[in-house]
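Chemist:
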Amino acid sequence: MRPRPARLLAVLLLAVLTACGSETSAPPVPTGTIRFASYDFQENQILVEIYAQAARRRELPVSVQHGIGTREVVAPALQQGVVDVVVDYLGTALLFARPEFPDPPDRPEEMHAVLARTLGGRGVSVLDEARAEDQNGFAVTQDFATRNGVNTLSDLVPLAPELVFGGPPECPERPLCLLGLQDVYGLEFGEVLPMATRRATVEALQSGVIDVGLLETTDARLDVAPVVLLADDRGLQPHENVVPLVRTEVAERWGGRLTDALDETSARLTTDDLRRLNRWVEIDGMTPEDAAARWWDGG
């Protein structure tokens, strides 16, 4: 039996309406995993866990890969789409992205604007910076400081030729590490030893293997070990606010579900939080993932 004209018309109308509805409905749900990656030091692993957990709390698909390398490895990995999200530090990120930049702006928001313009052309979006900040710091033992009357980096200048400096392997080539100490302070150490970790640096200071070592201003060991940071009296270190960097294609694909989650995390994170998080991991023995979860739970 042939379908009646009225019934056939109803079927056709239903098909047309269904097709139109599919065209005007919400856009397709984004696919793929958002790949977070950290640098090869502990605090950055903690930070990446915090921001990754922020995304998970929005029910976004997330993977985390820790310790993929130094800036020379991570920056091209982000720009080439090997990873999607990196948590960086404002001043260091700017100087790495624009090594020819002679004098970074004094205010974090100005630095952020320059970094955003620079990385925007490379397919990377710079999200809001946090109040949390962690700068390079140069440490000596309390005993060394007392015996030599040393309080600032400038105080080291006449002593430096007889001193041993310890820092990460990349330090001699970094403008905010050994290169900066040479250019800004005229510090020329008698010997430079590579240190694999910040923990190794503190142990080398305490055992006398090195006299001066690179730490961070939020390092938990500063609260428990007899070491002190020397004042950066000539202003070598720029502002180092924590800042998430996201591949622009990924930021656009996931929209506010991702970027709002990360920006809201930055709005909450403080320097005191960094110190506490580092203490939980370095002193109390928590994993970066557990420390981040504790922070999110209000610990």
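All you need for our numbering is the position in the sequence shown, starting with 1, plus 16.
Think of the CB as a built atom: it goes at the ideal place given N, C-alpha and C, for glycine as much as any other residue.
No experiment lies behind these values; they were computed from the predicted model shown.
(1) Using a Cβ-Cβ cutoff of less than 6 Å, which residues in the same chain neighbour residue 149 once the five nearest sequence positions on both sides are dropped?
(2) Put residue 51 into one of helix, strand or coil per three-state DSSP.
(3) DSSP puts residue 318 in a beta bridge; with which residues?
(4) If you drop the 5 nearest sequence neighbours on each side, which residues of the same chain put their C-beta closer than 7 Å to that of residue 17?
(5) State the beta-bridge partners of residue 209 as determined by DSSP.
(6) On the DSSP letters alone, give me the boundaries of the beta strand (DSSP E) that residue 105 sits inside.
(7) Check residue 149 in the structure and name its three-state DSSP category.
(8) Where does residue 73 fall in DSSP's three states?
(9) Could you check whether residue 89 and residue 155 sit closer than 8 Å to each other, using their CB atoms as the reference points?
(10) Rounded to whole angstroms, what's the CA-CA distance from residue 94 to residue 261? Just pull it up for me.
(11) With a Cβ-Cβ cutoff of 8 Å, do residue 84 and residue 297 count as a contact?
(12) Going by C-alpha distance, which of 240, 223, 249, 209 is nearest residue 230?
(13) Going by DSSP, which residues form a beta bridge with residue 259?
(14) Which of the three DSSP states is assigned to residue 96 in this structure?
(15) Using 10 angstroms around the beta-carbon of residue 197, count the other beta-carbons present and answer buried if the total reaches 16, otherwise exposed.
(16) Go ahead and pull the three-state DSSP assignment for residue 168.
(17) Excluding the five sequence neighbours on either side, which residues of its own chain have a C-beta within less than 7 Å of the C-beta of residue 248, listed in chain order?
(18) Does the segment 136–150 touch the segment 169–183, meaning 3 or more C-beta pairs lie closer than 8 Å?
(19) Please return the same chain residues whose Cβ sits closer than 7 Å to the Cβ of residue 193, not counting the five positions on each side in sequence.
(20) Would you mind stating whether residue 91 and residue 57 have Cβ atoms separated by less than 8 Å?
(21) Would you give the residue range spanned by the beta strand (DSSP E) that residue 140 belongs to?
(22) Measuring straight from C-alpha to C-alpha, what distance separates residue 267 and residue 280?
(23) Could you tell me the alpha carbon to alpha carbon distance between residue 26 and residue 77, rounded to whole angstroms?
(24) Taking the alpha carbon of residue 289 as the reference point, which residue from 271, 310, 274, 125 has its own alpha carbon closest?
(25) Using alpha carbons as the reference points, say which of 125, 294, 143, 235 lies closest to residue 277.
Modeler: Based on what the coordinates show:
(1) One-based indexing of the sequence shown puts residue 149 at position 133. So the qualifying residues of the chain are 256, 257, 287.
(2) Taking the sequence shown and counting its residues from 1, one reaches residue 51 at position 35. It is a strand residue.
(3) Beyond the ends of the chain as shown, which are 17 and 315, falls residue 318; an answer cannot be given.
(4) Mapped onto the sequence shown, residue 17 falls at position 1. For residue 17, the pLDDT reaches just 41, beneath the cut-off of 50, and the residue's location in the model is therefore unreliable, leaving the point undetermined.
(5) As a working note, residue 209 is residue 193 in the sequence shown. Beta-bridge analysis with DSSP links residue 209 to 182.
(6) Along the sequence shown, one-based indexing puts residue 105 at 89. It spans 101–105 - the beta strand (DSSP E) in which residue 105 sits, taken as one unbroken run.
(7) One-based indexing of the sequence shown puts residue 149 at position 133. Three-state result, residue 149: strand.
(8) The residue given as residue 73 occupies position 57 in the sequence shown. Assignment of residue 73 by DSSP, reduced to helix, strand and coil, places it in the helix class.
(9) Along the sequence shown, read from residue 1 onward, the residue named residue 155 stands at position 139. Along the sequence shown, read from residue 1 onward, the residue named residue 89 stands at position 73. Contact: no.
(10) On the sequence shown, residue 94 is found 78 positions in, with the first residue counted as 1. On the sequence shown, residue 261 is found 245 positions in, with the first residue counted as 1. Computed Cα separation, rounded: 9 Å.
(11) Here residue 84 is taken as the residue at index 68 of the sequence shown, counted from 1. Here residue 297 is taken as the residue at index 281 of the sequence shown, counted from 1. No; because the gap between Cβ atoms is not below 8 Å, this pair is not in contact.
(12) The residue you call residue 230 lines up with position 214 of the sequence shown. Comparing Cα positions, the closest option is 209.
(13) To locate residue 259, count along the sequence shown from 1; it is residue 243. 104, per the DSSP bridge assignment.
(14) Along the sequence shown, one-based indexing puts residue 96 at 80. Correct three-state label for residue 96: coil.
(15) Here residue 197 refers to the residue found at position 181 of the sequence shown. Counting C-beta atoms within 10 angstroms of its own C-beta, residue 197 has 16 or more neighbours from the protein chains shown and is therefore classed as buried.
(16) Counting from 1 along the sequence shown, the entry for residue 168 is found at position 152. Of the three classes helix, strand and coil, the one that applies to residue 168 here is strand, per DSSP.
(17) Looking up residue 248 in the sequence shown gives position 232. Closer than 7 Å at Cβ, skipping near neighbours: 169.
(18) Not touching, per the Cβ criterion.
(19) Here residue 193 refers to the residue found at position 177 of the sequence shown. For residue 193, where only same-chain residues beyond five positions count, the Cβ hits under 7 Å are 152, 183, 187, 230.
(20) In the sequence shown, the residue the question calls residue 91 occupies position 75. In the sequence shown, the residue the question calls residue 57 occupies position 41. No, these two residues do not count as a Cβ contact at 8 Å.
(21) Within the sequence shown, the letter at position 124 stands for residue 140. For residue 140, the enclosing beta strand (DSSP E) begins and ends at 140–142.
(22) Translated into positions along the sequence shown, residue 267 becomes position 251. Translated into positions along the sequence shown, residue 280 becomes position 264. When rounded, the distance between both Cα atoms is 15 Å.
(23) Within the sequence shown, the letter at position 10 stands for residue 26. Within the sequence shown, the letter at position 61 stands for residue 77. With a pLDDT of only 40 at residue 26, under 50, the local geometry of the prediction cannot be trusted, and the value read off the model is given with reservation. Straight-line Cα distance between these residues: approximately 42 Å.
(24) As a first step, residue 289 is located in the sequence shown; it is residue number 273 there, counting from the start. Looking at the Cα atoms, 310 is the closest of the given residues.
(25) Stepping through the sequence shown from its first residue, residue 277 is reached at position 261. It is 143.
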